[in-house]
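These notes are about the structure you will find just below.
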Amino acid sequence: MTEIELKAHVKDRAGLEERLNQIAAFKMQVLRDDTYYGLTKESRCKIRVRRETLLTGGGEEKKTLLTYKRKEMRTLPDGSSSEVNDEKESEILDADVLEAFLKDSGFLVTLKKQKDVKDWELSVKKEDFLKDAGIDQDLTATFELCNVPPLGDFLEIEILSPVDTPRVVEALQKKLHELLALVGIGEDQIENRYYSELLRAREAYAVV
Numbered sequence: 237m238t239e240i241e242l243k244a245h246v247k248d249r250a251g252l253e254e255r256l257n258q259i260a261a262f263k264m265q266v267l268r269d270d271t272y273y274g275l276t277k278e279s280r281c282k283i284r285v286r287r288e289t290l291l292t293g294g295g296e297e298k299k300t301l302l303t304y305k306r307k308e309m310r311t312l313p314d315g316s317s318s319e320v321n322d323e324k325e326s327e328i329l330d331a332d333v334l335e336a337f338l339k340d341s342g343f344l345v346t347l348k349k350q351k352d353v354k355d356w357e358l359s360v361k362k363e364d365f366l367k368d369a370g371i372d373q374d375l376t377a378t379f380e381l382c383n384v385p386p387l388g389d390f391l392e393i394e395i396l397s398p399v400d401t402p403r404v405v406e407a408l409q410k411k412l413h414e415l416l417a418l419v420g421i422g423e424d425q426i427e428n429r430y431y432s433e434l435l436r437a438r439e440a441y442a443v444v
């Protein structure tokens with residue numbers, strides 16, 4: 237699957253939550269504790285161990301995910317841009333075993349990140365924007381309202397596509413920008429830098 241994603245700063249969290257509840261279905265709140273490993277601190281090739289705590293009405297559910305992403309920032313003809321990622325992910329039972337192996341094999345902890353996330357989902361109808369573009373199924377747009385210490389609040393909108401042709405990716409990128417406008421966030425609030433870049437700019441949170 238190809239992940240097409242847009243990220244923007246949030247100025248009015250309460251107002252945004254109200255708009256999301258009006259247009260999309262709330263799914264869950266989840267706490268994510270991410271640790272990134274690479275062969276060097278500057279390496280763009282790294283893997284992520286994510287420990288998740290899903291908060292439900294009846295308590296907590298925990299799981300651990302191993303993720304590898306090939307990241308790319310693509311720009312549309314109008315100058316707007318979004319992330320297009322080839323994401324590989326698998327649930328694992330015991331992260332401690334894997335992390336011990338990584339450290340003994342020379343991998344370094346390059347970054348740690350925490351996210352408090354609320355998720356909403358919205359069905360994206362193929363006939364609305366993907367006529368003759370190679371998609372024969374409806375897709376789902378996920379809205380993630382994230383608090384990332386110490387950076388503040390962000391909205392991430394992502395769509396997973398089974399097709400990664402340029403035409404489909406461009407159509408989905410345009411859809412993300414439409415959805416951003418739908419929830420009342422301006423193009424000037426889009427953040428094209430990765431969280432890792434933003435966090436490393438904060439010396440107190442960089443792994444040294």
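Counting from 237, one number per residue, gives the positions in the sequence shown under the numbering used here.
Using N, Cα and C, we set each Cβ at its ideal position, and we do this for glycine too.
When DSSP states are grouped into helix, strand and coil, glutamine 409 belongs to the helix group. In this structure valine 419 is buried. Its beta-carbon is surrounded by 16 or more other beta-carbon atoms within 10 angstroms.
Around the beta-carbon of glutamate 278, fewer than 16 other beta-carbon atoms lie within 10 Å, marking it exposed.
Lysine 354 places its beta carbon 8 Å or farther from that of glutamine 425. With a threshold of 16 other beta carbon atoms within 10 Å, asparagine 321 meets it and is buried.
For tyrosine 273, there is no enclosing alpha helix (DSSP H); the residue is part of the beta strand (DSSP E) that begins and ends at 261-274.
Counting along the chain, the unbroken alpha helix (DSSP H) around tyrosine 431 starts and ends at 431-436. In this structure, Gln350 is the residue among Gln258, Gln350 and Gly294 with its C-alpha nearest to the C-alpha of proline 386. In this structure glutamine 409 is buried. Its beta-carbon is surrounded by 16 or more other beta-carbon atoms within 10 angstroms.
DSSP places lysine 299 in the strand class (E or B) of the three-state scheme.
Partner residues in the beta bridge of asparagine 321, as assigned by DSSP, are Glu239.
Per DSSP, the unbroken beta strand (DSSP E) holding valine 345 starts and ends at 344-360. Between the C-alpha atoms of aspartate 269 and glutamate 414 there is a straight-line separation of about 30 Å.
Under the three-state reduction of DSSP output, glycine 388 falls in the strand class. Between the alpha carbons of serine 359 and lysine 324 lies a distance of about 23 Å.
Counting along the chain, the unbroken beta strand (DSSP E) around valine 285 starts and ends at 282-292. The Cβ atoms of leucine 252 and leucine 381 lie closer than 8 Å to each other. In this structure, leucine 375 keeps its C-beta atom at 8 Å or more from the C-beta atom of isoleucine 393.
Looking at the backbone, the Cα of alanine 261 and that of alanine 417 are separated by about 18 Å.
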